[in-house]
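Trainee: Have a look at the structure that comes next, please.
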Amino acid sequence: MFYGKVLITENHNLAPGYYRLTLLAPEVAVCAKPGQFIQIRVAGSGSNDPLLARPISIFRINTAENTIALIYKVVGRGTSILSGLNQGTVLEIMGPVGNGFTIPPDTTKIALIAGGVGMPPLFCFAEELVRSRLGEQIHLFYGGRSKSDILELDLWNQLGIKVVTATEDGSMGQRGLVTE
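Letter by letter, the sequence shown follows residues -4 to 175 in our numbering.
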């Protein structure tokens, strides 16, 4: 596990309230697994406000560029501060944390089910499956309150994964909860 400083290479607004954060973090990129997360400390120099680090799931791992990417939603003081940080800013992180995902070796059909910011670790998992295994049929069932909560569909399409969407307001896909 790594604890130290990393550099922001991108902090891009994806949709209202949602951001994709890319970090130059070679110590994490080399050992992270799909389904893991990192803890990000967003407090300013010497400040303890906000006190706690923010856990955010890993969206993409790029070992060639020594980066990891995260997607987060602004929901409080910590993520609000994070959304205002620019390329070149240094952050303190700890990770990767958690066990990651595994599947039995003889699995041929995989259904991934996510809502909102529950999608990023599943995308990381799907990328790994597409890179390392052959023959699985992978489907993503992805839900949100509205169309603006459904993120990065183009990347799922590039992987060749069938995506079924559901929104509570009916603005994209089936109306209702994705679990329905």
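We put the CB at the ideal spot given by N, CA and C, even for glycine.
(1) Where does residue 159 sit, in a helix, a strand or coil, going by DSSP?
(2) Note down the Cα distance separating residue 114 from residue 175, rounded to an integer number of angstroms.
(3) When you compare each of 156, 16 and 144 to residue 132 by their alpha carbons, which one comes out closest?
(4) From the DSSP secondary-structure annotation, give me the bridge partner or partners of residue 32.
(5) Note down the Cα distance separating residue 164 from residue 141, rounded to an integer number of angstroms.
(6) How many angstroms separate the CA atom of residue 84 from the CA atom of residue 138?
(7) In whole angstroms, give me the CA-to-CA distance for residue 78 and residue 72.
(8) Tell me where the beta strand (DSSP E) around residue 132 begins and ends.
(9) Which runs of the beta strand (DSSP E) fall wholly inside the region 56 to 80 and span at least 3 residues, in chain order?
(10) Under a Cβ-count criterion, where at least 16 other Cβ atoms within 10 Å of its own Cβ denotes burial, should residue 112 be classed as buried or exposed?
(11) In the DSSP assignment, the beta strand (DSSP E) including residue 117 goes from what residue to what residue?
(12) Per DSSP, what kind of secondary structure is residue 169 in: helix, strand or coil?
(13) Going by beta-carbon coordinates alone, are residue 61 and residue 20 separated by less than 8 Å?
(14) Count the other CB atoms, across all protein chains shown, that sit within 10 Å of the CB of residue 153; report buried if there are 16 or more and exposed otherwise.
(15) In the DSSP assignment, find the unbroken beta strand (DSSP E) run with residue 23 in it and report its ends.
(16) Strictly by DSSP, which residues pair up with residue 145?
(17) Quick one: residues in its chain with C-beta nearer than 6 Å to the C-beta of residue 98, no 5 flanking neighbours on either side, listed in chain order?
(18) Whose C-alpha, out of 100, 161 and 46, is nearest the C-alpha of residue 37?
(19) Please name the residue in 65, 30, 105 and 34 whose C-alpha comes closest to that of residue 4.
Mentor: On the basis of the data shown:
(1) Counting from 1 along the sequence shown, the entry for residue 159 is found at position 164. Residue 159: strand per DSSP, three-state reduction.
(2) Along the sequence shown, read from residue 1 onward, the residue named residue 114 stands at position 119. Along the sequence shown, read from residue 1 onward, the residue named residue 175 stands at position 180. C-alpha separation (whole angstroms): 17 Å.
(3) Walking along the sequence shown from the start, residue 132 turns up at place 137. The shortest Cα separation from residue 132 among 156, 16 and 144 belongs to 156.
(4) For the purposes of this step, residue 32 is taken as the residue at position 37 of the sequence shown. Note: residue 32 sits in a beta bridge opposite 52 and 92.
(5) The residue given as residue 164 occupies position 169 in the sequence shown. The residue given as residue 141 occupies position 146 in the sequence shown. Going from the Cα of residue 164 to the Cα of residue 141 covers about 6 Å.
(6) Taking the first residue of the sequence shown as position 1, residue 84 is located at position 89. Taking the first residue of the sequence shown as position 1, residue 138 is located at position 143. Between residue 84 and residue 138, the C-alpha separation is close to 33 Å.
(7) Counting from one through the sequence shown, the residue named residue 78 turns up at place 83. Counting from one through the sequence shown, the residue named residue 72 turns up at place 77. So the two alpha carbons sit approximately 10 Å from each other.
(8) Taking the sequence shown and counting its residues from 1, one reaches residue 132 at position 137. Looking at the DSSP string, the run of the beta strand (DSSP E) that includes residue 132 is 132 to 139.
(9) 62 to 68
(10) Working through the sequence shown from its first residue, we reach residue 112 at position 117. Residue 112 should be labelled buried.
(11) Locating residue 117 in the sequence shown gives position 122, counting from the first residue. Taken as a continuous stretch (DSSP letters only), residue 117 belongs to no beta strand (DSSP E), being part of the alpha helix (DSSP H) at 115 to 127.
(12) On the sequence shown, residue 169 is found 174 positions in, with the first residue counted as 1. Here residue 169 sits in strand by DSSP.
(13) For the purposes of this step, residue 61 is taken as the residue at position 66 of the sequence shown. For the purposes of this step, residue 20 is taken as the residue at position 25 of the sequence shown. For residue 61 and residue 20, yes; Cβs fall inside 8 Å.
(14) Position 158 of the sequence shown, counted from the start, is the residue given in the question as residue 153. Exposed, since its Cβ has fewer than 16 Cβ neighbours within 10 Å.
(15) Position 28 of the sequence shown, counted from the first residue, corresponds to residue 23. Residue 23 -> not in any beta strand (DSSP E); alpha helix (DSSP H) instead, spanning 21 to 24.
(16) By one-based count along the sequence shown, residue 145 stands at place 150. Answer by DSSP bridge pairing: none, since residue 145 is not bridged.
(17) Walking along the sequence shown from the start, residue 98 turns up at place 103. Around residue 98: no qualifying Cβ.
(18) One-based indexing of the sequence shown puts residue 37 at position 42. Among 100, 161 and 46, the Cα nearest to that of residue 37 belongs to 46.
(19) On the sequence shown, residue 4 is found 9 positions in, with the first residue counted as 1. Among 65, 30, 105 and 34, the Cα nearest to that of residue 4 is on 65.
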